[in-house]
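A.B. asks:
Residue numbers (our numbering): 521 to 667.
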């Protein structure tokens, strides 16, 4: 992971290179330092931590609720489940994450939505917990933490 991907408070996991941590343990970022490679000016990868894959279980930990009665919807060639944090954007608008599975099982993805069916896709899937935390903070100026 690169330093510019992280914020203080992000959740990450220890990997096999972590010192004094069991591999797979959830860690909270409490400080960020930059290791700069002076030969090309790029930041180095942090050793010892990896992103935590975003899952339905993590969404529930953050307080998201499954939407509606059936929770699962079918649109064209995909099935999706909507997970919602109610009334968080401006006091009335929901923050939603759609878990989408293609009918031909070629992809699974998480897409952000702000109310109803207006999905927003910036061309990249949300793959990790810290990405969701960072996006939520950018939109609400509040931390997304485990309830």
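Virtual Cβ for every residue (Gly too), placed ideally from N, Cα, C.
Nothing here was measured: the structure is a model prediction, and the numbers come from that model.
(1) I'd like the list of long-range same chain contacts for residue 585, defined as Cβ closer than 6 angstroms, with 5 residues on each side in sequence excluded.
(2) Locate the alpha helix (DSSP H) running through residue 538, then write down its first and last residues.
(3) Please state whether DSSP places residue 524 in a helix, a strand or coil.
(4) Taking its Cβ as the centre, do 16 or more other Cβ atoms sit within 10 Å of residue 536, making it buried, or is it exposed?
(5) What does the alpha-carbon distance come out to for the pair residue 612 and residue 573?
(6) From the DSSP output, in three-state form, read off residue 576 for me.
(7) If we ignore side chains and look at the alpha-carbon of each, how far apart do residue 655 and residue 540 end up?
(8) Quick one: give me the first and last residue of the alpha helix (DSSP H) that residue 657 is part of.
(9) Taking all protein chains shown into account, do 16 or more other C-beta atoms lie within 10 angstroms of the C-beta of residue 658, making it buried, or fewer, making it exposed?
C.D. replies: This is what the structure holds:
(1) 604
(2) Per DSSP, residue 538 belongs to no alpha helix (DSSP H) and is neither H nor E.
(3) In this structure, residue 524 counts as helix in the three-state DSSP scheme.
(4) exposed
(5) 29 angstroms
(6) helix
(7) 30 angstroms
(8) Here the alpha helix (DSSP H) through residue 657 covers 649 to 660.
(9) exposed
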